[in-house]
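Read top to bottom, the protein sequences are chains A and B.
For the first sequence, counting from 1, position 188 maps to 188 in our numbering; every step adds exactly one.
Count along the second sequence starting at 1, add 489, and that's the number in our numbering.
Where a beta carbon is used, it is the ideal one built from N, C-alpha and C, also for glycine.
Predicted model only: the values in this text are computed from it and were never measured.
What follows is a set of notes on a single structure, which appears directly below.
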Amino acid sequence: MQAFDPAIVREIEKYTRRDWLKRCGGGFGWLALTGMLSGNQAAWAEATQPHNPFAAKPPMMPAKAKSVIWIFMNGGPSQVDTWNYRPQLAKRDGQPLEGFDKKTGFFPEEVGALMKSPFEFKQYGESGTWGSELFPTLAQHVDKMAFIHSCFTNSNNHSPALFMMNTGVTRMGSPCVGSWVTYGLGSECESLPAFIVMSDPLNRGLPKGSASNWGAGFLPSIYQGTWLKPQGEPIDNLKPPGNLVGNPQRAQLDLLAKLNQHHAQQSPAENELAARIESFELAYRMQAAAPDALDVNKEPESIHALYGTNQKHCAHFAKQCLLARRFVERGVRFVQIYSGGMENQQSWDGHIDLAGNHSGFAKEADQPIAALLSDLAQSGLLESTLVICAGEFGRLPIAQKGAKPGRDHNPHAFTAWLAGGGIKGGVHYGETDDIGFKAVVDKVGVGDFHATILAALGLDHEKLTFKFQGLDQRLTGVEHHRVIKEIFA
Amino acid sequence: MYNPNCAKPTTSAVPTKNNESLPAERFAIRRSLLDKEVLMIDFFRRYQRTNVEILTLVLAAVLLWAFGLPRIPLRADDKEAVVGPDRPEPAVIPAVPADHAQRMTDGLDQFQKQIAGILKENCLKCHGGEKIEGEFDLATREGLLEGGESGVVVVPFQSQASHLYKLITHAEEPIMPDNAAKLSDEQIAMIANWIDNGAPYDFALAANKPQKKSTIVDEKDKSWWSFQPLAKVTPPNLDEGKLAVGVRTDVDRFIVAKAKAKSLELSPQASKRNLVRRAYLDLLGLPPTPEEVDAFVNDESPAAWPALIDRLLDNPHYGERWARHWLDVARFAESHGFEQDYDRPGAWAFRDFVIQALNEDLPYTQFIEWQLAGDEFEPDNPLALAATGFLGAGVFPTQITANEVERTRYDALDDMLSTTGSAFMGLTIGCARCHDHKFDPIPTRDYYRLLSTFTLTVRSNIDVDVERNKKSPQMAQWRKEQDSLLAELKTYEESLRSDLPQWMRSVERSVKTWTVLELSEIKSKAGASFKKLDDGSYLAEGNNGDQDTYAIESRPSSQKITGIRLEALADASLPKAGPGRAANGNFGLSKISLAAAPPGAEPVALKIAKADVDFEQNKSNLSIAASLDDSPTTGWAVDPQCGKDHAAVFTLAQPFELEAGVPLTITLDFQVNTQHALGRFRISLTSVAEPLLGGDSLPPHIADVLAEASTPEQLASLPAEKQTALFDWWKKRDANWKRLQAKVDEHTKHEPSTKTNIMICGEGYQPMRHHTQGADFFQESYFLERGSVDRKNGVATQSFLQVLMPTADSQTQWQWSPPAGAKYSGRRRSLANWIVDVDHGAGAIAARVAVNRLWQHHFGTGIVATPNDFGHTGAKPSHPELLDWLAGELIRGGWKLKALHKLLMTSAVYMQTTTASADFKAQEKADPTNELFVRRIPRRLEGEAIRDSLLAISGKLDLKLFGPGTKNESSLRRSIYFMVKRSELIGSMVVFDQPEPLVSQGQRPTTTVAPQALLIMNSPHVRAWAEAFAKRVESTAPVTTDFQPAIQRAYQIAINRRPDEAETQSTVAFLETQSANYSQDPQYTQAVQANARSLALVDLCQILFGLNELAYEE
């Protein structure tokens, strides 16, 4: 069954304009509705029944990945200090970079000479993948990971680049990848949000542009990411007020259902009203399911040890990685975790003291990410979970001058890696020049990257469309983009 | 297009640069370019760009072949390569057959003899001649191979794989040639053969290449329904009889006439209780009180319904309800968005403008004009200025790198233009930024010319008197108090007037008055400057030298001088309030000397005989006498009596007759101590025989009056203004008058601040800056190819959409030139002029869009179901005649919206019941989406209306109008006063589908999701309102013994009706069980147990908040 036949999409759109969303209800899970398809095309009924924006939908093409965990390295980690080993850079250490355009980075007045990586590199795994000493634990998993060394983006500034990486557009306001994926595939889980976002819990701020990075843009707002508040109750209104806990609230909801059903019998909008009645029941179930998913204390000690939830330097990130696994296990479609806070020394944005900055954030992330890959692999979930790790851009091979040199923003090259969900392990795609400044071989734009993510989930980026402002909008826009099939197993 | 994946596999040949020991075969996907390939590809590209002659082509092709270019045919999914920022223009690199050199030669021959003719005759007009439809230009081979918006059109050497072939053979759509006969089989075969031979050209088909983009909008383009002038429509004449049953207004005639075709009739009228509730929710977004419901239900008059509508339209909360609809359209927010999302102080002024404009029924044309150009229409009207917040409401990056500045500015201009297009004209103009609009006749050229309207438009914060028109209660109270104080002063002045004659006759007056000397020049040796104050004194400012000398010159009228008075006056601006400039407020006058300097003669010194003083620091070196000796280190000083006024009188040795025109010079030396000059002083003269220290200082004009009239009788004969001048001076000496005046002054200081800092968006004000590396704004806008700032194509000057103009160059008829010296260009006013012009501009579509929005909010769906898109991709009107008639009514009624509301709401269509009728199923089958409007489907209220209703029901709603908003969800004000911060949208609003304020939104989706239910169930705010609601109920219906009265009351308040039998039973049972549980279960505290019945009522009240009937407008 083709879920996104254009004729069907047109029919959906017609309904969107008129009454569709109003009628289809929906929630964190889906609300069964009947009798709404009278008078509509058989094709529509066949393709979309049951009819609910969060109903799990079949992919457009065969695919292994069913869910996504995107570890967003916020601030833009340096490719030449992590996974893109460039021996020539060490050889040319201290030399000026001829013809360098000062506007490439953010600080045109602090342009220094080429700077070798302060980190040692060695080879790991059967694939012999070169990795720096920043990720000693994660490096044990290189044979599960596919590296794309030739990514580039369209902005040298955090928030436009963040928007680009998340939504495919440097301006704010377009739907992000997670929203498109939940729109395209629905959710496998009724009692949890389909798309969950976790940001830095150490008070170091949100990624620049904050909620617009997980916004639904012009897609219905139900597809936006649910941001777990790092402090306090992670989700609003999950706990009943004092005396209502338990029986009193149950009695309230029973009465409400009775009164609403009594009323609905007299109304021509009974389907819609029924959906609202059902939404209270779903909410009641969520009150139990969400805290359960969020309770990592239910994990055995061995798992805590694996992730490092009891180690001070990485406990916060370890908990988020562990939560990501618990969510995916329960059918959450898309999880995004931000490593690092807002910018500068709060994130991977190593303008000053690159060595100190990157060692610090790598120390937070190394063991938890490695644990996530191990854990998903041992439970078999890695087969169906696409793990993505990338930032919004890379960093320059030259130094940003200062007492402790850093590296400035570089839109021309960065490395992303993917694992699980049908990705081939231990492979490398694309190349930069020999100092890691610009992608030159098999360049991968953000649109290509997005097309590849969608393809791994069985979604065709040219057919996953939503009508807005008179146009069939796509995550990958109007330009032509290519799926990097070479990294698929 | 070159695709690196088509390159020959080179794994074994290419050492991986960063991994010498990488097992070569194992990682086969790592690729590299061979240098020679780079060379050849580059060569080939250049060839394609320049269209060099055939010999070069053949040579190139041979070379390419010799060097082994890829031979793998293109796969379908390999068509496109990645295009990066620093990548050259993509070009098609075909697979080249072995005999291609020969083929190209043959193909060229075909081109000359046949193909050029066929293409010219059948294709060129639309694809490179007059227009470039679908961005496909086949006038040159370069264009042919570049393809169009649908991708590659011709694959050289492969006719069967070429899209063009499929189109001309009609195997695929759109069939070509468009709107013309299919090419003959012979012609098709020739083209195929030519493509198989490489599709060579040897000349361009169009001699003078047209503009890259089509610029012509023709009559066919203008024939689209929404671009047409308004049709002259008269409401259908129904057969008066069966059909006209239930018809109340002309609106009904259109609906009934159309429904007749499907044999459908209007549904019956709703109950009066439903109607009154519907009207309140619709117009105010608040439920009526039980009393308001009763009043309407009991009013049997047929005029009750229109009268109710009038009343509600006059209610100030109408503006709040309907402003929210417009704020969605205006993508209104109060922060910049992007990285920091800084707040925009004063941005709420735009929200207040919308509310006020609706409440005052501002004509819709003015509503448009002010939002686009309030500063150009009425630069002094705060409301018009606030309206321009419309243009500035879009997002605004605050951190911009040098190479993003220009693009960011175009983004901002695009936001203004796109929103203007969607909001007022229902057109997706923004789609034409990178290419001609794909569906509507809006060429990119029109886009940039329209965009240039906003080139100079910037956000600014300015202080304006927004309260001016608001007549706030605080202002009224202050005015009342001020008037009373002024009246008291005035009364006293009148009583004082009778004392003036007595003063005039007094000895004090005759011997003690001084005439203040006006100084023509004061030169300070140390460089101080002097400011003249109202009382004739002078205040020293600027440099305070260690030692100073004031050389003073004056030219008084001719007079006898017997003495001179020097007043040293305190002043708040001086150290310790003066009167000196020393740090302790002291001064040290070491010497005073006087002289008269007749022109051409030696100056005559005026000898001082003696001095008198009110206070001197000591009797020796700092006495007044010391100011007459020649020692520079002794002189008059006043410490410790600083901060007070002092005076010294110097009596001349003999009277001096000063002649007119002779300058009098006075020299004041300050050398007693460092920086001890006098800070504020006044000099007066007298002619009395014995000058005395005290006495008034008469300003010269008052001295003149008194010289003319020394008695009250003489005064009475003087002109009134002289009498008044004397009295006005004289009254100020009076202690009681001074006291009363001080009260007035003090109260004046507390005048409610009427200046408010608001955000506007206009021209010529101080622009709000970005954090930018370089300039933020530019003086010109350019035509940009493909929307890229790197591809400028000439300066764009203002014009409007050709499709809505009589001719392509008739823009001047709306263009307005501002008066000389104005700080704005007039371009936005020109744009507004065009938009509101019904006869020749966009006025017809603007009126249609406006009435459609009103219809949509009253009936659930617009006559055009896509309120922001009246173009080809939008919905067509379900009732085009009705739409045009309503638009005409709007215009005929002076563009007043309130009249239109009433017109719609008094129709039988509006008044239909939402109760399912017997033939509901049949209706639904005949008209599933209710396009015919012959039934009314209950509508879920917006989040704002639901929250406001809960607050109103709880009795906690704060109905204060206007002013800055808040992000605090516990606020008790209406939801429209939530501050809209883009990164911190209000959770309870978002969960109920309030759209993200990023682009114009004409309609909201209505979703039903679990978080909405969680909000009702668990939000502490909702719980608090439920508690207040229960208290309100208990105040008239206590639950001590019986629950029923409370249930009745709660139903009346919440949903404006009594519970029926079943509902009463269920709720009573619930309350009994719930209260029994609270009172008996030991887990609850004593407080809970004691209040079990009230607590149970709170639980019920909260549940009533969850009733569908409350959340739906029926």
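Quick check on residue i - is its C-beta less than 7 Å from some C-beta in chain A?
i: Glu-1598(B); result: yes
i: Ala-1499(B); result: yes
i: Asn-1507(B); result: yes
i: Glu-828(B); result: yes
i: Phe-1559(B); result: yes
i: Gly-1595(B); result: yes
i: Ala-1502(B); result: yes
i: Ser-824(B); result: no
i: Asn-892(B); result: yes
i: Ala-1551(B); result: yes
i: Gly-1351(B); result: no
Going by DSSP, what residue range makes up the alpha helix (DSSP H) through residue i?
i: Phe-1104(B); result: No alpha helix (DSSP H) contains Phe-1104(B), which DSSP labels as neither H nor E.
i: Lys-1227(B); result: 1224-1238
Along the beta strand (DSSP E) that carries residue i, what are the first and last residues, could you check?
i: Asp-1037(B); result: 1037-1043
i: Cys-321(A); result: Run containing Cys-321(A): none in the beta strand (DSSP E); it sits in the alpha helix (DSSP H), 315-329.
i: Glu-1608(B); result: Any answer about residue 1608(B) is impossible in this case: the structure gives chain B only from 490 up to 1603.
i: Ser-1173(B); result: 1169-1175
i: Thr-1051(B); result: 1048-1057
Beta-carbon separation of residue i and residue j under 7 Å?
i: Lys-312(A); j: Val-296(A); result: no
i: Ala-413(A); j: Thr-385(A); result: no
i: Ala-1519(B); j: Val-1587(B); result: yes
i: His-481(A); j: Gly-447(A); result: yes
i: Gln-346(A); j: Gly-209(A); result: no
i: Ser-279(A); j: Leu-273(A); result: no
i: Thr-170(A); j: Phe-163(A); result: yes
State the DSSP-derived secondary structure class of residue i, mapped to helix, strand or coil.
i: Lys-491(A); result: Since the first residue shown for chain A is 1 and the last is 489, residue 491(A) is missing from the structure and cannot be characterised.
i: Asp-1326(B); result: coil
i: Trp-348(A); result: coil
i: Val-1587(B); result: helix
i: Met-172(A); result: coil
i: Ala-921(B); result: helix
i: Gly-1077(B); result: coil
Under 7 Å, Cβ to Cβ, is there at least one residue of chain B near residue i?
i: His-313(A); result: no
i: Lys-208(A); result: yes
i: Leu-256(A); result: yes
i: Lys-122(A); result: no
For residue i, collect the residues of the same chain with a Cβ closer than 6 Å to its Cβ; drop the 5 residues on either side in sequence, then sort them by chain order.
i: Arg-1342(B); result: Pro-1356
i: Leu-1063(B); result: Gly-1168
i: Ala-1115(B); result: Thr-1123 and Gly-1124
Quick one: what's got a C-beta closer than 7 Å to residue i's C-beta in the same chain, skipping five residues either side?
i: Arg-1445(B); result: Reading the sequence as shown, one finds Lys at residue 1445(B) and not Arg. For Lys-1445(B), where only same-chain residues beyond five positions count, the Cβ hits under 7 Å are Leu-1461, Trp-1514 and Ala-1517.
i: Gln-599(B); result: Met-679, Asn-682, Trp-683 and Asn-686
Among the residues of its own chain, which have a CB less than 8 Å from the CB of residue i, if the five just before and after it don't count?
i: Gln-1601(B); result: Just to set this straight, residue 1601(B) is Tyr in the shown sequence, not Gln. For Tyr-1601(B), where only same-chain residues beyond five positions count, the Cβ hits under 8 Å are Pro-1427, Arg-1428, Arg-1429 and Leu-1430.
i: Leu-238(A); result: Met-286, Gln-287, Ala-290 and Pro-291
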